[in-house]
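*Asks:* Below is one structure. I have some questions about it.
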Amino acid sequence: MKFRPVYVWILALCLTCLSCATTQIQDIKPGEKPALESDEAGLWMMMDEIETNLKTSGRIEHDPDLNAYVNQILCKLQPDYCNDIRYVIVQTPHFNASMAPNGFMQVWTGLMLRSQNEAQLAYVLGHEMGHYQRRHSLKQWRTIRDTSSALIFLQIVAAGAGVGYAGSIAQLVAMAGIFAYSRDMEREADDIGFGLLADAGYDFHEAANIWQALIEERDAADQPDQFILFASHPTTSERVNTLRKMADQLASQGRYGESYQREYLDATRPFRAKWLKNELRKRDFAASQVVLKHLVNTADNPGELHFYQGELYRMRAQPGDAEKAIASYQKALSFEQYPPAVLRSLGLLFWKARKFEDAQDSFKNYLVVDPDAPDYEMIKSYLEELQ
Amino acid sequence: MNTASTRTHVFSILARLFHPPFKLTVLFICLICIGCATTSYKANPPPPNLPQNARVLLMPLDVQLFELTAGGLQEPKADWTAAAENHVHKALESVLAQKKDTVVPYEPPQDNPEKARINEQLMKLHEAVGQSIMIHTYYPGYNLPTKKDQFDWSLGGGIQRINERYDAHCALFIFIRDSYASPGRKAAMVLGALAGINISGGLQTGFASLVDLQTGNILWFGRLFRPTGDLRTPEPAYEAVSQLLFGIPL
Chain A
6 MKFRPVYVWI LALCLTCLSC ATTQIQDIKP GEKPALESDE AGLWMMMDEI
56 ETNLKTSGRI EHDPDLNAYV NQILCKLQPD YCNDIRYVIV QTPHFNASMA
106 PNGFMQVWTG LMLRSQNEAQ LAYVLGHEMG HYQRRHSLKQ WRTIRDTSSA
156 LIFLQIVAAG AGVGYAGSIA QLVAMAGIFA YSRDMEREAD DIGFGLLADA
206 GYDFHEAANI WQALIEERDA ADQPDQFILF ASHPTTSERV NTLRKMADQL
256 ASQGRYGESY QREYLDATRP FRAKWLKNEL RKRDFAASQV VLKHLVNTAD
306 NPGELHFYQG ELYRMRAQPG DAEKAIASYQ KALSFEQYPP AVLRSLGLLF
356 WKARKFEDAQ DSFKNYLVVD PDAPDYEMIK SYLEELQ
Chain B
2 MNTASTRTHV FSILARLFHP PFKLTVLFIC LICIGCATTS YKANPPPPNL
52 PQNARVLLMP LDVQLFELTA GGLQEPKADW TAAAENHVHK ALESVLAQKK
102 DTVVPYEPPQ DNPEKARINE QLMKLHEAVG QSIMIHTYYP GYNLPTKKDQ
152 FDWSLGGGIQ RINERYDAHC ALFIFIRDSY ASPGRKAAMV LGALAGINIS
202 GGLQTGFASL VDLQTGNILW FGRLFRPTGD LRTPEPAYEA VSQLLFGIPL
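Note that the protein sequences, when read in sequence, are chains A and B.
Each residue of the first sequence is one higher than the one before, counting from 6 in our numbering.
Each residue of the second sequence is one higher than the one before, counting from 2 in our numbering.
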């Protein structure tokens, strides 16, 4: 048989059709559990194991107040599914949340640091609940399983006909199909998240705003490739436009909602220092600067925020950064409350700049302000050295 | 915001798609052959000095069954797994009943979340060490220069904390993953054979380890690695458990 590339395209087309032809999957009902012999029960079994493992991980934020706060957002969004969803807050400085087929959700602290108000976090949680409700994991699994199964026969035929490369082309076509399908599901989850947000009385304009901030961050980033989210999700500008249109439409009908910024800042303030510290450890200072800028604009606990602005400059250590860092630290000290570590960082930079007296003053003040500092003895030895 | 499982599957399929399956199969068969050529259990020298009538803490079984799809993905099967857990449990009971030792089942400390968390971590540690033993002692190419011929793997003395309520001498851990070719996979295997491509079927793999609850040393380690066997029905499950525990110093 003479092989023509057109056969590959015909077969690839068949594969695409195959993934569309999977039977209609109904939304999951509140309290529903899959039958033990189903493929869905298998996925739940695997995720139950991952859930057990993750819940005992050292990276989980267990604070009861913060967890109760996230839980009330979930229950406000979807009271019917509130008991079916379990979640953990994972300490990791990247923007993401995920939903497993069994209703187990991960909320990353990088997302919580970037959300500027409760409505933004609620929108992302609503999006994840959309994945659960629509059984997206199951749909995705069946698509991949059926596509790869069809592919193997194609590969056998291609290899049998002596044109192994045809199998490889079909693989790429099939992969593109799977990713496109994944993006469609993201759009669907966006729609659901938006609807839940508006119905729960949140300010629905915030759905587009969180993506807008993420675009700003990506455009500034030193390592934009690290934004893994953009591979499987619709291009974010498309998303922003769609969500803005939806919001304008609702607003024109006279609907409105609350962003609950004050509540959000109150709930997250005790954790912000830890999250900012982890954020700076990524050493993608241009991206972190965007995150910090939004936080500084809230003027919430400004002593702490200006301290971390100073830390960013100090860690980046480009020409001129030392001066900027000192200015930020001094700004932090002008507020009633500031982290004692401001004085230590300031001392270190003065020392480096050979301003020995200023360095001594800062270190002495540090020891006065924080007599229980874990590095008390170390700073004392610096003072001895400076004399 | 991606679904966690989706991401895993996409990566596994990527890995699969960009390697021609027949190469994998050849490697796989080589591994099986190497596996058959070595003894199936390892012991920590000197031979463990367990008392007659030792108390053995039986840890929760970690068993999962999968169906191998035509395309080579492992589809988790909850119903098969539930049946297998039951069969393996019964088989373990009857195999261990032939020994003189006392078997104490592990029960998660539900009244104490912190203790439960520590025990979970110790079980995770055991799984990580067990997987390392599977790779680094059974395949000559992956042997560790620091281990050479000595089998001195250990979980460390921290394991004592799991024993606080049991007063046991040693703990027995069981880990099994078993897969079976789906009808579609079987068809692909036949067609592949006709086209001259070797497509692999299901695999029964797992390990059992006997851990000294004082030192954390792995006293004895047995493994399963074969393309045959079936845990979904009682008799073959009994056979698999006997095979897995062959040579256990109890």
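Beta carbons are placed, not taken as given, at the ideal position from N, Cα and C, and that holds for glycine.
#1: Please check the pair A/HIS32 and A/ARG147, which I expect to be a contact at CB under 8 Å, by giving their CB distance rounded to whole angstroms.
#2: Note the first and the last residue of the continuous beta strand (DSSP E) segment covering A/SER103.
#3: At a cut of 8 Å, does the region 177 to 187 of chain B reach the region 146 to 154 of chain B through at least three beta carbon pairs?
#4: Keeping to the same chain, check which residues put their C-beta closer than 8 Å to that of B/SER95; ignore five residues upstream and five downstream.
#5: Buried or exposed, going by whether 16 or more other CB atoms sit within 10 Å of the CB of A/GLY262?
#6: Identify every residue that forms a DSSP beta bridge with A/TRP280.
#7: Strictly by DSSP, which residues pair up with B/GLY207?
#8: Step through the CB atoms of chain B and report whether any lies within less than 9 Å of the CB of A/ALA73.
#9: For A/ASP377 and chain B, any beta-carbon pair shorter than 9 Å?
#10: If you reduce the DSSP assignment to three classes, tell me which class B/PRO235 lands in.
#11: Using the C-alpha atoms, what's the distance from A/GLU42 back to A/ARG277?
#12: Does the distance from the CB of B/LEU156 to the CB of B/TYR107 come in under 9 Å?
#13: Residues of chain B with CB closer than 7 Å to the CB of A/THR97, please, in chain order.
#14: Strictly by DSSP, which residues pair up with B/ALA172?
#15: Residue range of the beta strand (DSSP E) that B/GLU76 falls in?
#16: Since I believe A/HIS99 is in contact with A/ALA194 (beta carbons under 8 Å), could you give me their beta-carbon distance rounded to a whole number of angstroms?
#17: What does DSSP give as the partner residue(s) for A/PRO98 in the beta ladder?
#18: Between the C-alpha atoms of A/ASP375 and A/LEU126, what's the straight-line distance to the nearest angstrom?
#19: Just tell me which of A/TYR269, A/GLN111, A/ALA124 has its CA closest to the CA of A/GLY198.
#20: Could you pull the DSSP bridge partners for A/LEU202 from this structure?
#21: Spatial neighbours of A/LEU255 within its chain, please: CB distance less than 7 Å, with the 5 preceding and 5 following residues excluded, ordered by chain position.
#22: Does B/SER145 come out as helix, strand or coil in the three-state DSSP assignment?
#23: Does any residue of chain B bring its CB to less than 9 Å from the CB of A/THR114?
#24: Kindly list the residues whose CB is nearer than 7 Å to the CB of B/ASP231, restricted to its own chain and excluding five residues on each side of it in sequence; keep chain order.
#25: Determine which residues share a DSSP beta bridge with A/PHE112 and list them.
#26: If we ignore side chains and look at the alpha-carbon of each, how far apart do A/HIS311 and A/ALA171 end up?
#27: Between A/ALA162 and chain B, is the shortest Cβ-Cβ distance under 9 Å, so that the two count as touching?
#28: Less than 9 Å between CB atoms is the rule here; does B/ILE177 satisfy it with respect to chain A?
#29: Which residues in chain A have a C-beta closer than 7 Å to the C-beta of B/LEU51? List them in chain order.
#30: Among the residues of its own chain, which have a CB less than 6 Å from the CB of A/ALA322, if the five just before and after it don't count?
#31: Evaluate the contact criterion for the region 241 to 258 of chain A versus the region 85 to 103 of chain A: three or more CB pairs, one atom per stretch, below 8 Å.
#32: Examine chain A for any beta-carbon lying closer than 9 Å to the beta-carbon of B/THR82, and answer yes or no.
#33: Do A/PHE109 and A/TYR92 have their CB atoms nearer than 9 Å?
#34: I need the straight-line Cα distance from A/ALA213 to A/SER187, nearest angstrom please.
#35: Check whether the region 332 to 339 of chain A and the region 294 to 314 of chain A are in contact - that is, three or more C-beta pairs closer than 8 Å.
#36: Find out if the Cβ-Cβ distance for the pair A/THR61, B/GLN122 is shorter than 9 Å.
*Replies:* Let me lay it out:
#1: Looking at the sequence provided, one finds Asp at residue 32 of chain A rather than His. Not really, about 16 Å apart at Cβ, beyond 8 Å.
#2: Looking at the DSSP string, the run of the beta strand (DSSP E) that includes A/SER103 is 102 to 104.
#3: Counting Cβ pairs under 8 Å, fewer than three are found: no touch.
#4: Cβ neighbours of B/SER95 beyond the five flanking positions: TYR239.
#5: Residue environment for A/GLY262: buried (at least 16 other C-beta atoms within 10 angstroms of its C-beta).
#6: For A/TRP280, which the question treats as bridged, DSSP gives no partner whatsoever.
#7: B/ILE177, B/LEU225
#8: With a threshold of 9 Å between beta carbons, A/ALA73 makes no contact with chain B.
#9: no
#10: helix
#11: Going by the C-alpha atoms only, they are around 45 Å apart.
#12: no
#13: Correct list: empty, because the minimum Cβ distance to chain B is about 13 Å.
#14: B/LEU58, B/VAL212
#15: For B/GLU76, the enclosing beta strand (DSSP E) covers residues 75 to 77.
#16: No, A/ALA194 and A/HIS99 are not in contact; Cβ-Cβ is about 19 Å, not under 8 Å.
#17: A/PRO98 pairs with nothing; no bridge assigned.
#18: 35 Å
#19: A/ALA124
#20: DSSP, once it has assigned bridges, lists no residue as partnering A/LEU202.
#21: ALA203, PHE209
#22: The amino acid occupying residue 145 of chain B in the given sequence is Leu; Ser does not appear at that position. In this structure, B/LEU145 counts as coil in the three-state DSSP scheme.
#23: no
#24: PRO237
#25: For the record, residue 112 of chain A in the displayed sequence is Val; it is not Phe. Paired residues: A/ILE94, A/ALA102.
#26: 59 Å
#27: Here the sequence assigns Val to residue 162 of chain A, which means Ala is not the residue at that position. Cβ-Cβ to chain B under 9 Å: yes for A/VAL162.
#28: no
#29: Under the 7 Å cutoff, chain A gives no residues; its nearest Cβ is about 30 Å from B/LEU51.
#30: None.
#31: no
#32: yes
#33: yes
#34: 20 Å
#35: Taking 8 Å as the limit for Cβ pairs, the verdict is that the region 294 to 314 of chain A does touch the region 332 to 339 of chain A.
#36: yes
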